[in-house]
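Participant:
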Amino acid sequence: MERRPTPDELLRRVQAEERRENRGRLKVFLGYAPRVGKSLRMFDEGRRRKERGQDVVVAAAQDKVTDDVRKLLGCFESIPQISGAIDLPGIFKRNPQACLIDPLAYDNPPGARNAQRWQDVEEILNHGIAVITALNVHHIREQQDQVERITGKRAARSVPEAFVREAEEIEVVDTPADTRELAELRELALLAAADVVDQQLQEYLDCHGVVAHWGTQERILVCLTPRSDAEAMLKSGHRNAQRFHGALLAAYVEQDNLKPEDRAKLDQHMALARELGAEMHSLKGDFVGSVVELAQRERITQIFLGHTQREHSPIEKLIDYAENFDVRLFPHGDHS
Amino acid sequence: MTRGRLKVYLGYAAGVGKTYRMLDEAQALRARGVDVVIGYFEPHGRPDTIAMTKGIETIPRRKIQYGGSIFEEMDTEAVLLRKPAVALVDEFAHSNIPGSGREKRWQDVRVLLDDGIDVLTTMNVQHLESLNDQVWHVTGVRVRETVPDWVVDEADEVVLVDLTPRALRNRIERGAVYAPEKARRAMENFFTEANLSALRELAMRHTAHEVEERLFPPKPGERILICLTGRPASANLIRRGKRVADYLQAECLAVHVAAPGENDEAVNRHMSFARNLRIQTHVIQGEDIPRTLAEFAHSQRVTQIFMGRSGPRPWWKRFGETVVQQVVRQARDLQITIVAERRR
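So the sequences go chain by chain: R and H.
Counting in numbering that gives the first Met the number 0, the first sequence tops out at residue 335, every number present.
Counting in numbering that gives the first Met the number 0, the second sequence tops out at residue 343, every number present.
1. Identify each residue in the stretch 185 to 205 of chain H for which the Cβ-Cβ distance to at least one residue of chain R is less than 7 Å, and report them in chain order.
2. Measuring straight from C-alpha to C-alpha, what distance separates GLY305 (chain R) and GLU122 (chain R)?
3. Let me know the secondary structure DSSP gives ALA249 (chain R) once reduced to three states.
4. Residues in the same chain with beta-carbon distance under 7 Å from VAL322 (chain H), minus the five sequence neighbours each way, listed in chain order, please.
5. For chain H, is any of its Cβ atoms less than 9 Å away from the one on LEU328 (chain R)?
6. Residues of chain R with CB closer than 9 Å to the CB of ALA244 (chain H), please, in chain order.
7. What is the residue span of the beta strand (DSSP E) that ILE304 (chain H) lies within?
8. If you scan the stretch 122 to 172 of chain R from start to end, which runs of the alpha helix (DSSP H) of 4 or more residues do you find wholly inside it?
9. What does THR228 (chain H) reach in chain R if we use C-beta pairs closer than 8 Å?
10. Please report how far the alpha carbon of GLY229 (chain H) lies from the alpha carbon of ASN95 (chain H), in whole angstroms.
11. Which residue's Cα is closest to the Cα of ASP23 (chain H): H:GLY44, H:GLY54, H:TYR11 and H:ALA12?
12. Does DSSP classify GLY83 (chain R) as helix, strand or coil?
13. Starting from ALA339 (chain H), find everything on chain R with Cβ-Cβ shorter than 7 Å and list it in chain order.
14. Residues of chain R with a CB under 7 Å from the CB of ASP29 (chain H): which are they?
15. Does the Cβ of ARG242 (chain R) lie closer than 8 Å to at least one heavy atom of the ligand COA?
16. Do the CB positions of ARG277 (chain H) and GLU156 (chain H) come within less than 9 Å of each other?
17. Can you give me the Cβ contacts of ILE337 (chain H) inside the same chain, cut-off strictly under 7 Å, excluding the 5 residues immediately before and after it?
18. At a Cβ threshold of 9 Å, is LEU10 (chain R) touching chain H?
19. Anything in the stretch 185 to 201 of chain R with a Cβ closer than 8 Å to a Cβ of chain H? List those residues in chain order, please.
20. Is there a C-beta anywhere in chain R that falls below 9 Å from the one on GLU357 (chain H)?
21. Return the chain-ordered ranges of every beta strand (DSSP E) run that is complete within the stretch 231 to 289 of chain R and spans a minimum of 3 residues.
22. Hey, is GLY3 (chain H)'s beta-carbon within less than 9 Å of any beta-carbon in chain R?
23. Could you tell me whether any Cβ in chain H is nearer than 9 Å to the Cβ of ALA32 (chain R)?
24. Would you verify that the beta carbon of ASN135 (chain R) is, or is not, closer than 9 Å to some beta carbon of chain H?
25. Evaluate VAL140 (chain H) with the Cβ neighbour count: other Cβ atoms within 10 Å of its Cβ, from every protein chain shown; 16 or more gives buried, anything less gives exposed.
26. Buried or exposed, going by whether 16 or more other CB atoms sit within 10 Å of the CB of PHE303 (chain R)?
27. Residues of the stretch 158 to 176 of chain R in Cβ contact with chain H at a cutoff of 8 Å, in chain order, please.
28. Which first and last residues belong to the alpha helix (DSSP H) in which CYS74 (chain R) is found?
29. Return yes when the Cβ of THR280 (chain H) is within less than 9 Å of the Cβ of LEU227 (chain H), no when it is not.
30. So the beta strand (DSSP E) PHE70 (chain H) belongs to, where does it begin and stop?
31. Please decide whether ARG213 (chain H) counts as near chain R, where near means a Cβ-Cβ distance under 9 Å.
32. Leaving out five residues on either side along the sequence, give the residues of the same chain with a beta carbon under 7 Å from the beta carbon of PHE286 (chain R).
33. Using a C-beta to C-beta distance shorter than 8 Å, which residues of chain H count as neighbours of ALA182 (chain R)?
34. What's the C-alpha gap between GLY66 (chain H) and ALA12 (chain H)?
35. Is GLU156 (chain H) close to chain R? Criterion is C-beta to C-beta, closer than 9 Å.
36. Which residues in chain H have a C-beta closer than 8 Å to the C-beta of ILE131 (chain R)? List them in chain order.
As structure tokens, this is what we get:
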């Protein structure tokens, strides 16, 4: 569906395009563990670019490499590191089209220009040079709590997720996992990559003025009312969102004339929703209209709603208006 | 006999490198002395890929005459006779030409597995039955060749073959995937950046789901009941209900309430579709549909009911309750999900 972009969106689009035009492109090969073949894939990509005529150099490689990678490394000019850090002035002087940097998560020695290598990469990109690099999921800072839950360990080095999300391209290097722990890390890496792709897709659609009412992700909206069995709905919504690796949202209708006991109940429900990590939305005006509007805006795939046995409930109308989302009705806790 | 192991290379579009990865693995196996043959391989005229088949024995395809033309399919019986340790079978979702013995290639693959042969195969995420509506929704393309999810769930390994949409579009532009005219059309239609990104995300999420399924085998607790009618929306309802059941690791059953003496062709089709997805189906007789449904749900210890929207009502019934309302009233303590049709 096409629509005319707002002036704000146009401005953002122009700014984003300008930034991208002058910046080098970043490509990250993301793996779930060491030795899944990231280095091989990234140097192979460098080789193919070189064969197509790009000026590609190696700015950093690992000390220990497999035979396959060593063979590939031989194809490239290398800009030697200076006392354990990438030689930034050397690279800017040489000014290649693309740099190969393995790995991305690396602490520079004290006294280096930047504390961490991803900051070096940022500078290289800002000079209009493309970077191809490799990263393990346990080095993404925002994923490290999860990783620690799985492995009991936390890597010392890290790269902020925001930096990874700025990459024009992220490619997953996937192979079967041998152990349970690795399988859990593998799942984590796949989902982290899917989230990045989802966000980039949204940005792309926004930039092109496309409103998508569809999602590739399950998004669950729980409607809170004072009398609904909110606990059952929220817990089920939370579980569903987790099983689908989707999102949980909760909405309530702003009402001035609530009775104090209803107000207290609603507050209780909202507190529980927040505790479960739901994104909160408040609705004004006509219930059905505002719920449908929110559902479309937020690309909701399931709405959870309490049902009463009363006549003239808005449920029937909501079902009539439902398009592209399912309505799941929960019995009120106080049914007979 | 031990059943063969199945490994699926899962991608999101033609040209991402599934066949290449499969052949790469085959070469590695051959180097270790494993007896590998090609059961079926689709070269698509791609030199890189064709070069990767070097040294691997190919079982000649079977020629089948149909509608005045000759078609070629995998010669499953010849592969069985040859009995290799590992067989490569490209394009898992392929539908065989009538007269081939089995309707679908995945059925041929299961025959090989039953005979103890390991199989490496390739498929795209959009061929999964449970994603059919979502893929249509996202891309506007109704994929006709589908594989029931349970077939892929049975695989020992599912591996994602990833390539960024940009790299894929570059490959297509360079003519590495399709001939020039077809390439141009592909880029304008299906292979748009948005479509590719969305399909890629689905492939990543699905692979993650397959990993998780193997980590946490289902502990059935919830039971989902899908209420079928003859209405066309039932297909969407079945896929949706089954998908939710799979993700919640719930058991899934389907029921149709038939009027006495009824024999509805559309209902029979939906029932057989549901059985193909390994949903247990029931037909029960009853005049009062909502009551019959509610009683059946309770007797089967169902926890959640999936229904379609009630159809348009004639004016003289507008003041009464819809079937959905009546089921809601009678099912009391059950959760009821009303599945909306997906539109673009």
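Ideal placement from N, C-alpha and C gives every residue a C-beta, glycine not left out.
This structure is a prediction, so every number in the text was calculated from the model and none was measured.
Facilitator: With the given structure in hand:
1. Answer in chain order: GLU192, ALA193, SER196, ALA197, ARG199, GLU200, LEU201, MET203 and ARG204.
2. In a straight line, the C-alpha of GLY305 (chain R) is about 54 Å away from that of GLU122 (chain R).
3. Note: ALA249 (chain R) maps to strand in three-state DSSP.
4. The residues are ILE288, PRO289 and SER309.
5. Chain H contact via Cβ: present.
6. Contact of ALA244 (chain H) with chain R by beta-carbon distance below 9 Å is absent, the smallest such distance being about 11 Å.
7. For ILE304 (chain H), the enclosing beta strand (DSSP E) starts and ends at 303 to 307.
8. Considered as a whole, the stretch 122 to 172 of chain R harbours 143 to 150 and 160 to 164 as its complete alpha helix (DSSP H) runs of no fewer than 4 residues, in chain order.
9. Proximity of chain R to THR228 (chain H) at the Cβ level (cut-off 8 Å) is not reached, the minimal Cβ distance being about 16 Å.
10. So the two alpha carbons sit approximately 28 Å from each other.
11. Taking only the C-alpha atoms, the option nearest ASP23 (chain H) is H:GLY54.
12. Correct three-state label for GLY83 (chain R): coil.
13. Within 7 Å Cβ-Cβ: ALA321, GLU322, ASN323, PHE324 and ASP325.
14. The residue asked about is misnamed: residue 29 (chain H) is Arg in this sequence, not Asp. Simply none; closest approach about 17 Å.
15. Because no ligand of any kind appears in the structure shown, any question about the ligand COA cannot be addressed here.
16. Against a cut-off of 9 Å, the Cβ pair of GLU156 (chain H) and ARG277 (chain H) comes out as no contact.
17. In chain order, MET306, ARG308 and VAL323 place their CB closer than 7 Å to the CB of ILE337 (chain H), counting only its own chain and leaving out the 5 sequence neighbours on each side.
18. Closer than 9 Å: no.
19. Within the stretch 185 to 201 of chain R, the qualifying residues are ARG185, GLU186, LEU189, LEU190, ALA192, ALA193, VAL196, ASP197, GLN199 and LEU200.
20. For residue 357 (chain H) there is no data in the structure shown, the boundaries of chain H being 0 and 343.
21. When DSSP assignments are scanned along the stretch 231 to 289 of chain R, the uninterrupted stretches of beta strand (DSSP E) that are 3 or more residues long and fall wholly within it turn out to be 246 to 252 and 278 to 282.
22. No, because no Cβ of chain R sits closer than 9 Å to the Cβ of GLY3 (chain H).
23. False, the Cβ-Cβ gap to chain H never drops below 9 Å.
24. It does not; no Cβ of chain H falls within 9 Å.
25. VAL140 (chain H) should be labelled exposed.
26. Residue environment analysis places PHE303 (chain R) among the buried positions, since at least 16 neighbouring C-beta atoms fall within 10 angstroms of its C-beta.
27. So the list reads GLU167, GLU168, ILE169, GLU170, VAL171, VAL172, ASP173, THR174, PRO175 and ALA176, given in the order they occur along the chain.
28. The continuous stretches of alpha helix (DSSP H) do not include CYS74 (chain R), and DSSP gives it neither H nor E.
29. Yes, the pair counts as a contact, with Cβ atoms nearer than the cut-off.
30. Residues 68 to 72.
31. Taking 9 Å as the CB threshold, ARG213 (chain H) lines the interface with chain R.
32. Correct list, in chain order: VAL252 and PRO313.
33. Those within 8 Å of ALA182 (chain R) in chain H are VAL210, ARG213 and LEU214.
34. Distance between the alpha carbons of GLY66 (chain H) and ALA12 (chain H) is about 30 Å.
35. Judged by the 9 Å Cβ criterion, GLU156 (chain H) is in contact with chain R.
36. Per Cβ cutoff of 8 Å: no residues; ILE131 (chain R) is ~11 Å from chain H at best.
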